[in-house]
Amino acid sequence: MKYTTENLRKRIAVSAGRAKADVVIKNGTIIDVFNGETFTGDVAIVDGVIAGIGDYEGETELCFP
Numbered sequence: 000m001k002y003t004t005e006n007l008r009k010r011i012a013v014s015a016g017r018a019k020a021d022v023v024i025k026n027g028t029i030i031d032v033f034n035g036e037t038f039t040g041d042v043a044i045v046d047g048v049i050a051g052i053g054d055y056e057g058e059t060e061l062c063f064p
């Protein structure tokens, strides 16, 4: 994927919570590979790239129990 100023701005806006992601995977189990801890959270995806992990809204949301 080619990085342009426009798509980087979009990813930053989503990461900061100022814009909706293209897709959000809700309530997933996330593994922190640095300390081995797991937690529940959302994964925000923009243009096929992970833009953030935390609490996000998206145009399409995939929810897990």
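Each residue of the sequence shown is one higher than the one before, starting from 0 at the first, in numbering that gives the first Met the number 0. Think of the CB as a built atom: it goes at the ideal place given N, C-alpha and C, for glycine as much as any other residue. Just so it is clear, the structure is predicted and the values come from calculations on it, not from any experiment.
* **Ala12, DSSP secondary structure in three states** => helix
* To do: Leaving aside the five residues before and after Tyr29 along the sequence, list all residues of the same chain whose C-beta is less than 8 angstroms from its C-beta, in chain order.
  => The sequence given here has Ile at residue 29, not Tyr. Here the set comprises Thr37, Phe38, Thr39, Gly40, Val42 and Ile52.
* Buried versus exposed call for Ala20 [16 or more other C-beta atoms within 10 Å across all chains shown] -> buried
* Alpha-carbon spacing of Val23 relative to Arg17, whole angstroms -> 14 angstroms
* **Glu60 versus Lys25: straight-line alpha-carbon distance, rounded** => 7 angstroms
* **N-terminal and C-terminal residue of the beta strand (DSSP E) that Thr37 is part of** => Thr37 to Val45
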